[in-house]
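Protein chains: 2
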Amino acid sequence: MKKCYFDHVATNPLHPEVLDAMMPYFREEFGNPLSVYEYGVTAKNAIEEARGKVAGLINSKPSEIIFTSSGAEANNFALRGIAIARQNDGKHLIVSRVEHHSVLNSARFLEKSGFTVTYIPVDKKGFVDPDTVRKAITKETILISVTHASSEVGTIEPLKDIVKVARERNITVHSDAVATTGNIPVDVKDLGVDLLSMAAHQFYGPKGAGGIYIRQGLRIAPLIYGGIQESGRRAGTENVPAIVGMGKAAEMAGAEMQSRIEYLRPLRDRIIYVMSGIKNVYLTGGDKENRLPGHASFCVEFIEGEAMLLLLASKGIFSASGSACSSKALKASPVLLSMGIPSGLAQGSIVFSLGTGNTPEDIDYLLNEFQLVIKRLREISPYAQGWGDKEGGA
Amino acid sequence: MKKCYFDHVATNPLHPEVLDAMMPYFREEFGNPLSVYEYGVTAKNAIEEARGKVAGLINSKPSEIIFTSSGAEANNFALRGIAIARQNDGKHLIVSRVEHHSVLNSARFLEKSGFTVTYIPVDKKGFVDPDTVRKAITKETILISVTHASSEVGTIEPLKDIVKVARERNITVHSDAVATTGNIPVDVKDLGVDLLSMAAHQFYGPKGAGGIYIRQGLRIAPLIYGGIQESGRRAGTENVPAIVGMGKAAEMAGAEMQSRIEYLRPLRDRIIYVMSGIKNVYLTGGDKENRLPGHASFCVEFIEGEAMLLLLASKGIFSASGSACSSKALKASPVLLSMGIPSGLAQGSIVFSLGTGNTPEDIDYLLNEFQLVIKRLREISPYAQGWGDKEGGA
Chain W
1 MKKCYFDHVA TNPLHPEVLD AMMPYFREEF GNPLSVYEYG VTAKNAIEEA RGKVAGLINS
61 KPSEIIFTSS GAEANNFALR GIAIARQNDG KHLIVSRVEH HSVLNSARFL EKSGFTVTYI
121 PVDKKGFVDP DTVRKAITKE TILISVTHAS SEVGTIEPLK DIVKVARERN ITVHSDAVAT
181 TGNIPVDVKD LGVDLLSMAA HQFYGPKGAG GIYIRQGLRI APLIYGGIQE SGRRAGTENV
241 PAIVGMGKAA EMAGAEMQSR IEYLRPLRDR IIYVMSGIKN VYLTGGDKEN RLPGHASFCV
301 EFIEGEAMLL LLASKGIFSA SGSACSSKAL KASPVLLSMG IPSGLAQGSI VFSLGTGNTP
361 EDIDYLLNEF QLVIKRLREI SPYAQGWGDK EGGA
Chain R
395 MKKCYFDHVA TNPLHPEVLD AMMPYFREEF GNPLSVYEYG VTAKNAIEEA RGKVAGLINS
455 KPSEIIFTSS GAEANNFALR GIAIARQNDG KHLIVSRVEH HSVLNSARFL EKSGFTVTYI
515 PVDKKGFVDP DTVRKAITKE TILISVTHAS SEVGTIEPLK DIVKVARERN ITVHSDAVAT
575 TGNIPVDVKD LGVDLLSMAA HQFYGPKGAG GIYIRQGLRI APLIYGGIQE SGRRAGTENV
635 PAIVGMGKAA EMAGAEMQSR IEYLRPLRDR IIYVMSGIKN VYLTGGDKEN RLPGHASFCV
695 EFIEGEAMLL LLASKGIFSA SGSACSSKAL KASPVLLSMG IPSGLAQGSI VFSLGTGNTP
755 EDIDYLLNEF QLVIKRLREI SPYAQGWGDK EGGA
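Structural data, given as structure tokens:
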């Protein structure tokens, strides 16, 4: 059976050249980067070379990059590390309602620890309004955390404008850029953020490697205490092969970014064009310009996202119904609800996220099968009166 | 030049069979374990199989194992997670003075957060006395954290007796078993601990994979908040290949443990026998029975550990002067000082930790070169009067 992977926001396949770059560090170069002899020096040099490549991808200094094990760890580190470091300046945080669980649940943890959090609403396309952020600021506000782009609806947020608002006060800005780093241009100096989270497996790098940009001079408490790794900011023996892979993936993403974007956008736009033409199928999220280049998300009326997923999967088409981190929860997505999408419609969420391995033929196959799946599910849906002619029921 | 790696407490080479087991998850099986379609199911099953193997190694239930990115993360999770979960029961912790930095610095972080910590001394061989622990207990004590074995001096602590002391009260016990898991028998039911940390790269598994045993029913706050991975206890996309590798390494360690121990002990004992016979060279740490099977550590009078390391390294002999996590700090080891070793002597610390790849010929080479290195360094040491005949100086 044909297999079409359209769930690149869940994870990417590892690029074979990235794996090749990692292999020596699984074999002869197994040293601990803190060791003073040659095995250690080689490992240490490999990490620093990777740090330079990741820094190059986002236009930071190498010393502003700290490696973590995941984007989730980076997000926890940012929120809780700044909360601790700045608690004497105030105890109020602002986060958007379209944040990843690792941001939202870090914020909830801080609420239990004496902080207050304002959860900023978004408009119907998922955009955060910088003016809404401005109005939420209090004298106590120390941190604003807004995602660079939502992996659920593909909306790229007006981060630069949000940073401007924060700069009027002395407020630290963090952005979860896990969905964007390596996929669209991310320039921390241009964006002006203080902290930015990323994950290698979102740009054809390995799982187990994430990173956080920490602007030079910014004070932050560690999340993982221990040894002197990562300038004392993140303890634990470095995952050398994964870090090397993240560096290689960053280098490739930088070099190939424009061609990747130019390849993905037309494929995405074709999906959006055809699917938006189907009755009762609604595009969710941002417009084409402010949308992840390989991201097409929809709500389908009268149909459960989970049922679509499984039927599509039976045809070798692999997609998602929301964030992978909650895809087994079978609840309407908080992100979609925050955009004002009614709960019933939000249940019919489906997300196609494309990668460089997808071909135009894959898209043809998807579009054809998707229409058949919708037709079939609507035929058996008790809610689809007025759309199909059949009565529902078991 | 001959290369002899004697620093297995810093990190182990990855076993080639472990790497083979990991490879499919770097290639075709790249799915996110939370995805509902086949790539996800395969990845999820691989993780659960690995969990079963790790559980088998330490005699726990699979559901009692949570994967982390490192032993340091596991230690942070244990101390801070229990501190948060039990803060209403009390705010006092007990840790030993021979703990890893990730335990000690987590404890110091908790001290800044309103907890008090008693740091338990050890005897001259590095043993924690259960009676000393008993005397340190207050009505406020919620957690005792004592390492299963020190990677610096190889001493295996009387953990079972310490657990008995804790059981007299309702005190949670954590043990950092990073140095022991996979290397000597670790049976969490027999030990009676509530939490136990481990790291795959300490038993020929990959870097980037650690784990923590959490006794069924024990309440603990997460360290990394976010999605529903690891039963909601540890967020972040799972590092599937590394977890699979940890499972394979655990399976192999269980099957080969006795033969590995029987191979390593005589090599270790030969090092201890010969080196202890050299004038002004002193064995540090526990006796043979209560010592890691491949671990031989010494203090050499009148000589800097760092100088020994570098000269040995120039002969292709790779060893450590203390914990890898602080080996660049060039200070006398707190572990050695806590054992009552004078600061000057503690500077001459050197640790040889053996692995299954070391041959008897490697040991011959080490013993021969070590004596030459000591002789050479003493000839140039200004402190070695009475040992050599030459005057020191530059």
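Just so you know, the sequences run in chain order W and R.
All residue numbers for the first sequence refer to my numbering, where the first residue is 1 and numbers rise by one.
All residue numbers for the second sequence refer to my numbering, where the first residue is 395 and numbers rise by one.
Where a beta carbon is used, it is the ideal one built from N, C-alpha and C, also for glycine.
Keep in mind the model is a prediction, meaning the values are calculated, not measured.
Listed by chain order, chain W residues near residue i by CB distance under 9 Å
i	result
L686 (chain R)	Within chain W, no residue comes near L686 (chain R); the closest Cβ sits about 17 Å away, beyond 9 Å.
S496 (chain R)	I224, Y225, G226, G227, A235 and G236
Close beta carbons around residue i, own chain, < 7 Å, minus the five adjacent residues each side
i	result
G388 (chain W)	The pLDDT assigned to G388 (chain W) is 42, lower than 50, so where the model puts this residue is not dependable; a value taken from the coordinates is nonetheless given after this. Cβ within range, chain order: R378 and E379.
I272 (chain W)	L283 and A296
S713 (chain R)	F400, D401, L703, L706, I744, V745 and F746
S420 (chain R)	For the sequence presented, residue 420 (chain R) should be read as Phe rather than Ser. Excluding residues within five positions, the ones whose Cβ falls inside 7 Å are P635.
S338 (chain W)	R97, V98, P121 and V122
Buried versus exposed call for residue i [16 or more other C-beta atoms within 10 Å across all chains shown]
i	result
R167 (chain W)	exposed
G393 (chain W)	With a pLDDT of 36 at G393 (chain W), under the threshold of 50, the predicted position of this residue should be treated as unreliable, and no value is reported.
G604 (chain R)	buried
K438 (chain R)	buried
T631 (chain R)	buried
N564 (chain R)	exposed
S151 (chain W)	buried
L617 (chain R)	buried
T436 (chain R)	buried
P293 (chain W)	buried
L372 (chain W)	exposed
E301 (chain W)	buried
D584 (chain R)	exposed
Under the three-state DSSP convention, the category residue i falls into
i	result
I374 (chain W)	helix
A394 (chain W)	Because the pLDDT of A394 (chain W) is 33, which lies under 50, any placement of that residue in the model is unreliable, and the question is left without a value.
I565 (chain R)	coil
G782 (chain R)	At G782 (chain R), the pLDDT of 42 sits below 50, so the modelled position is not reliable and the matter cannot be decided from this model.
I531 (chain R)	coil
Y676 (chain R)	strand
L14 (chain W)	coil
S464 (chain R)	coil
R609 (chain R)	coil
G809 (chain R)	Given that chain R is displayed from residue 395 to residue 788, the structure contains no residue 809 (chain R) and the question cannot be resolved.
F696 (chain R)	coil
T575 (chain R)	strand
Y513 (chain R)	strand
R502 (chain R)	helix
S625 (chain R)	helix
V240 (chain W)	helix
H101 (chain W)	helix
D523 (chain R)	coil
L590 (chain R)	strand
Which listed residue (the options) has its alpha carbon closest to that of residue i
i	options	result
K682 (chain R)	R:I618, R:N577, R:R659 and R:E411	R:R659
Y607 (chain R)	R:G484, R:L590, R:T631 and R:N499	R:L590
T566 (chain R)	R:V557, R:A415, R:A573 and R:G680	R:V557
R654 (chain R)	R:K455, R:S429, R:I768 and R:G751	R:G751
G227 (chain W)	R:F509, R:G716 and R:M416	R:G716
K642 (chain R)	R:P754, R:N453, R:D414 and R:F503	R:D414
F67 (chain W)	W:E48, W:K3, W:I82 and W:G81	W:E48
V103 (chain W)	W:A74, W:G126, W:K91 and W:I84	W:A74
I219 (chain W)	W:G208, W:E361, W:D161 and W:A83	As written in the sequence, residue 219 (chain W) is Arg, which differs from the Ile given in the question. Nearest C-alpha to R219 (chain W): W:A83.
D364 (chain W)	W:S381, W:M275 and W:K207	W:M275
V403 (chain R)	R:E432, R:L553, R:A593 and R:M395	R:A593
A740 (chain R)	R:L730, R:G749 and R:L748	R:L730
Chain-order list of residues whose beta-carbon lies under 6 Å from that of residue i (same chain, five-residue window excluded)
i	result
T118 (chain W)	I94 and A136
A644 (chain R)	K447, V448 and L451
P456 (chain R)	R445, G446 and A449
K397 (chain R)	G710
K207 (chain W)	H201
Under 8 Å by beta carbon: chain R residues contacting residue i
i	result
P241 (chain W)	P600, K601 and G602
Y263 (chain W)	The premise fails here: Y263 (chain W) is roughly 20 Å from chain R at the closest Cβ pair, so nothing lies under 8 Å.
Proximal residues of chain W, C-beta to C-beta of residue i below 7 Å
i	result
W595 (chain R)	Here residue 595 (chain R) turns out to be His, not Trp, going by the sequence shown. The contacting residues are T237.
S464 (chain R)	G236 and T237
Partners in chain W for residue i, counting only beta-carbon separations shorter than 8 Å
i	result
A714 (chain R)	S35
N499 (chain R)	Y225, G226 and A235
Cross-chain neighbours of residue i in chain R, by beta carbon under 9 Å
i	result
F30 (chain W)	Y399, T405, N406, P407, L408, H595 and K601
Under 7 Å from the C-beta of residue i: neighbouring residues of chain R
i	result
Y282 (chain W)	Going along chain R, no residue has its Cβ under 7 Å from Y282 (chain W), so there is no contact; the nearest lies around 23 Å.
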